[in-house]
Amino acid sequence: MEDATRSSGRAPASRPGLLPFEAGDPAPAISALDQAGEPAFSNADQITGRPLLLLFCPAGGEAALLAGFRDHAAEFAALETIIFAISRQAVAANQAWHAALHLPFTLLSDSGGGIFRTYGATEAPLVIILDPDHRVARVLRADVTAPADPAPLAAAALACLRASFPPRGLRVSMQAPVLLLPRVLEEEHCARLIELFHKPVASWQSDGFRSEGHDRERGDFKVEHAGSYGQLTEYVVRDPAVQAFLDQCFNRRVSREMRKVFQTKVSQREDYRIARYDSATGGVLRPHRDNATKETSHRRFTMTINLNAGEYEGGALRFREYADHYYEVERGTAVIWSALLLHEVMPVTRGARFILGVHMYGT
Numbered sequence: 008m009e010d011a012t013r014s015s016g017r018a019p020a021s022r023p024g025l026l027p028f029e030a031g032d033p034a035p036a037i038s039a040l041d042q043a044g045e046p047a048f049s050n051a052d053q054i055t056g057r058p059l060l061l062l063f064c065p066a067g068g069e070a071a072l073l074a075g076f077r078d079h080a081a082e083f084a085a086l087e088t089i090i091f092a093i094s095r096q097a098v099a100a101n102q103a104w105h106a107a108l109h110l111p112f113t114l115l116s117d118s119g120g121g122i123f124r125t126y127g128a129t130e131a132p133l134v135i136i137l138d139p140d141h142r143v144a145r146v147l148r149a150d151v152t153a154p155a156d157p158a159p160l161a162a163a164a165l166a167c168l169r170a171s172f173p174p175r176g177l178r179v180s181m182q183a184p185v186l187l188l189p190r191v192l193e194e195e196h197c198a199r200l201i202e203l204f205h206k207p208v209a210s211w212q213s214d215g216f217r218s219e220g221h222d223r224e225r226g227d228f229k230v231e232h233a234g235s236y237g238q239l240t241e242y243v244v245r246d247p248a249v250q251a252f253l254d255q256c257f258n259r260r261v262s263r264e265m266r267k268v269f270q271t272k273v274s275q276r277e278d279y280r281i282a283r284y285d286s287a288t289g290g291v292l293r294p295h296r297d298n299a300t301k302e303t304s305h306r307r308f309t310m311t312i313n314l315n316a317g318e319y320e321g322g323a324l325r326f327r328e329y330a331d332h333y334y335e336v337e338r339g340t341a342v343i344w345s346a347l348l349l350h351e352v353m354p355v356t357r358g359a360r361f362i363l364g365v366h367m368y369g370t
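So, in structure tokens, the structure goes:
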């Protein structure tokens, strides 16, 4: 977790291959002068809450790229997307380009190159799409065979925006007080966790709440749940490298959101668990609360991350105290809720549902 983990007591080490900014990471705030010499801030209230497209312009190729995105301005506006174009030119040069090209979006000056370096935009043209919460949704690079042609880059950006964000302004009558957070894990990481689940390890039975394996095992192990609690198999992760990687993902992509939404900061966790709900064995989790016993009363929040959406039927998450809605989220998306909430997993009717889960506590 953010300050400590139960398994190690120290911050996780960095993991090679996890780039400075990947899908799901919070984007650094931008502060720069616009084409009029006025300060512009990416975290201003009138900017956040909508997708933000960062367009990094290459030196010497600004005009063609800016004009290409200008020609699609109406389509970006229809998707409620704000564009910040960023160049390495001084404000005066940007002002001239902005007027000559009749740009309908903001053009920022980064003559010192600080923003380019922060975002790793060493090979412009580059597009980074941020979701309405200003987390990275997609990174797009120009076609190396035609770097001067902006059309493919603009088309790819529009396609990403249409696919990534649902229609705006939908009315919600009731919902449970839960946080849905997309892109916490990437597809390849979800696949690797499912592979890990199939690793041969010791298996223990559970009474629904506790297994001897938690006290007897030092490495990874499985727990078979059956009976009134539900029907599922959990793979308990004790591998330090996997724990460190998952802690790093949590620290980068989840902890900030929990502080903002719940105004709290958890510092400890129980073991990560990969759970399988298999239709062949009647996979289900019956209604319960996660901190209703003496042994579990320390828990404050629960997080589950879907690992294989689209590969099974049924298995939706439901919080029936608040509404009879079924929560079916995309692969890599986290659902986070107070451990006091009554919840259940509906029966899986085809295939097998895999999730990563963890209980959190401490302040």
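Convert by adding 7 to the 1-based position in the sequence shown; the result is the number in this note's numbering.
Backbone N, C-alpha and C fix where the C-beta goes; we use that ideal spot for every residue, glycine too.
Predicted, not measured: the structure shown is a model, and the values here were computed from it.
| Item | Value |
| --- | --- |
| Alpha carbon of Ala36 to alpha carbon of Val352, nearest angstrom | 38 Å |
| Reduced DSSP category for Leu40 - H, G, I as helix; E, B as strand; rest coil | strand |
| Check: Cys197 C-beta below 7 Å from any heavy atom of the ligand ADP | In terms of ligand content, the structure shown is empty, and the ligand ADP therefore cannot be addressed. |
| Whole runs of the beta strand (DSSP E) within the stretch 167-218, excluding any shorter than 3 residues | 186-188, 209-212 |
| Whole-angstrom C-beta distance between Leu239 and Ala282, which should lie under 8 Å | 5 Å |
| According to DSSP, residues forming a beta bridge with Ala128 | DSSP output for Ala128 lists no bridge partner at all. |
| For Val365: DSSP bridge partner residues | Met310 |
| Residue burial classification, Thr340 (beta-carbon count within 10 angstroms, cutoff 16) | buried |
| The stretch 189-205 in contact with the stretch 342-356 per 3-pair CB rule at 8 Å | no |
| Pro189 classed as buried or exposed, judged by whether at least 16 other C-beta atoms fall within 10 angstroms | buried |
| For Thr311 and Leu187, the rounded distance between their alpha carbons | 10 Å |
| Residue burial classification, Arg327 (beta-carbon count within 10 angstroms, cutoff 16) | exposed |
| Short Cβ contact (8 Å threshold) for Gly220 with Arg245 | no |
| Straight-line Cα distance separating Val230 from Gln212 | 6 Å |
| Alpha-carbon spacing of Asp254 relative to Ala30, whole angstroms | 16 Å |
| For Gly237 and Arg360, the rounded distance between their alpha carbons | 14 Å |
| Contact under 8 Å by Cβ, Leu86 with Asn101 | no |
| Chain-order list of residues whose beta-carbon lies under 7 Å from that of Val151 (same chain, five-residue window excluded) | For Val151, the predicted structure reports a pLDDT of 47, less than 50, and the residue's modelled location is therefore unreliable. The matter cannot be settled from this model. |
| Residue closest to Phe91, alpha-carbon to alpha-carbon, out of Ala107, Phe112, His79 | Phe112 |
| CA-to-CA distance, Tyr368 to Asp138, given in whole angstroms | 28 Å |
| Nearest-angstrom Cα separation, counted from Arg57 out to Phe76 | 18 Å |
| Test item: CB-CB of Val146 and Leu60 under 8 Å | no |
| Whole-angstrom distance between Gln275 and Asp222, CA atom to CA atom | 18 Å |
| Beta-carbon spacing of Ala164, Trp344 below 8 Å | no |
| Inter-residue Cα distance where the pair is Arg260 and Ser235 | 35 Å |
| Cβ-Cβ distance between Leu73 and Leu108 below 8 Å | yes |
| N- and C-terminal bounds of the beta strand (DSSP E) containing Glu69 | Per DSSP, Glu69 belongs to no beta strand (DSSP E); it is in the alpha helix (DSSP H), 69-77. |
| Simplified DSSP assignment, three categories, for Ala47 | strand |
| Status (buried if at least 16 other CB within 10 Å, exposed otherwise) for Pro374 | Only positions 8 to 370 of the chain appear in this structure, which leaves residue 374 out of reach. |
| Which listed residue (Arg217, Val185, Phe83) has its alpha carbon closest to that of Glu335 | Val185 |
| Cα-Cα separation between Glu45 and Tyr242, rounded to whole angstroms | 54 Å |
| Alpha-carbon to alpha-carbon, Ala80 and Ala251 | 43 Å |
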